[in-house]
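S.K.: Sharing a structure here in structure tokens format.
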Ligand code: GLP
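Numbering (our numbering), first residue to last: 11 to 249.
So, in structure tokens, the structure goes:
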């Protein structure tokens with residue numbers, strides 16, 4: 011695991027964007043794995059700025075990590091909607107080149123279709139990740155097996171609470187999701203995790219310095235062959 015700590019988020023984001031730019035320049039049809047959440051938004055904005063300046067993302071293929079069960083593409087808080095708004099449109103990506111779970115479909119069927127879609131892509135070249143305050147990655151909550159695959163999961167109360175800020179109230183947050191597994195994420199060829207702010211400090215320290223354990227799903231990244239973690243000083247405070 012390579013750790014990059016900087017007091018300036020803009021510089022961190024520029025370095026993470028450089029990795030993606032290098033990938034796109036070498037392999038224009040590479041597979042980029044997208045994380046949702048507020049943390050990667052500045053990274054997507056930086057990629058959008060590079061697209062506006064002429065960098066060609068049009069052949070890139072996109073895979074997302076997860077989706078709420080019950081939220082279709084037209085729901086403003088669906089992850090499909092997030093990917094459309096922050097990645098597909100600003101980067102000029104062909105909507106036929108994206109693989110995302112369908113939150114509006116029957117969940118087991120949607121998970122099976124998502125898994126098949128990921129296999130057809132041939133794996134993810136570079137996976138962007140965030141981390142939940144409880145150490146989750148994608149929607150792999152504490153207790154997720156390190157070799158877990160794509161599946162339907164129940165969200166923990168703390169995750170529902172953490173994500174309630176995006177919904178009118180906590181009661182509106184879906185309690186189930188379709189997610190790539192920890193094992194799926196470990197098979198990505200390169201992983202770039204971003205964590206900013208003191209709310210992520212404890213989970214970040216457990217991910218990097220703690221034992222590899224299902225209790226902290228992000229700790230599995232210690233076993234990833236090419237994982238890079240970009241932290242601001244607040245997120246790195248307990249290292
Ligand atoms: C959600 C997503 C995760 C994301 C996490 C942190 O639970 N499923 O993929 O990493 O939120 O989000 P944020 O970056 O907004 O703190």
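From the three backbone atoms N, C-alpha and C, an ideal C-beta is built for every residue, glycine too.
#1: Any heavy atom of the ligand GLP closer than 7 Å to the CB of residue 269?
#2: Distance check for residue 49 and residue 160, CA to CA, integer angstroms please.
#3: Any heavy atom of the ligand GLP within a distance shorter than 7 Å of the CB on residue 66?
#4: With a threshold of 16 other CB atoms inside 10 Å of the CB of residue 171, please say whether the residue is buried or exposed.
#5: Could you check which residue in 137, 208, 118 has the C-alpha nearest to that of residue 46?
#6: Just to confirm, does residue 45 get its C-beta within under 7 Å of one of the non-hydrogen atoms of the ligand GLP?
#7: Give a yes or no on whether the C-beta atoms belonging to residue 190 and residue 11 are separated by under 8 Å.
#8: Please report the distance separating the alpha-carbon of residue 52 from that of residue 126.
#9: Is residue 10 near the ligand GLP, judged by its Cβ being under 7 Å from some heavy atom?
#10: Rounded to a whole number of angstroms, what is the C-alpha to C-alpha distance between residue 109 and residue 212?
#11: With DSSP run on the structure shown, which of helix, strand or coil describes residue 220?
#12: Distance check for residue 40 and residue 69, CA to CA, integer angstroms please.
M.R.: Let me lay it out:
#1: An answer regarding residue 269 cannot be provided, because it is not within the stretch 11 to 249 covered by the chain.
#2: Between residue 160 and residue 49, the C-alpha separation is close to 23 Å.
#3: Result no, Cβ not under 7 Å from the ligand GLP.
#4: Residue 171 should be labelled exposed.
#5: Cα-wise, what sits closest to residue 46 is 137.
#6: It does: the Cβ of residue 45 is within 7 Å (strictly closer) of some heavy atom of the ligand GLP.
#7: No, the pair does not count as a contact, with Cβ atoms beyond the cut-off.
#8: Rounded to the nearest angstrom, the gap between the Cα atoms of residue 52 and residue 126 is 30 Å.
#9: The question about residue 10 has no answer, for the chain in this structure spans 11 to 249.
#10: Cα to Cα, residue 109 sits roughly 32 Å from residue 212.
#11: Here DSSP, grouped into helix, strand and coil, assigns residue 220 to coil.
#12: Using only the alpha carbons, I get a separation of about 8 Å.
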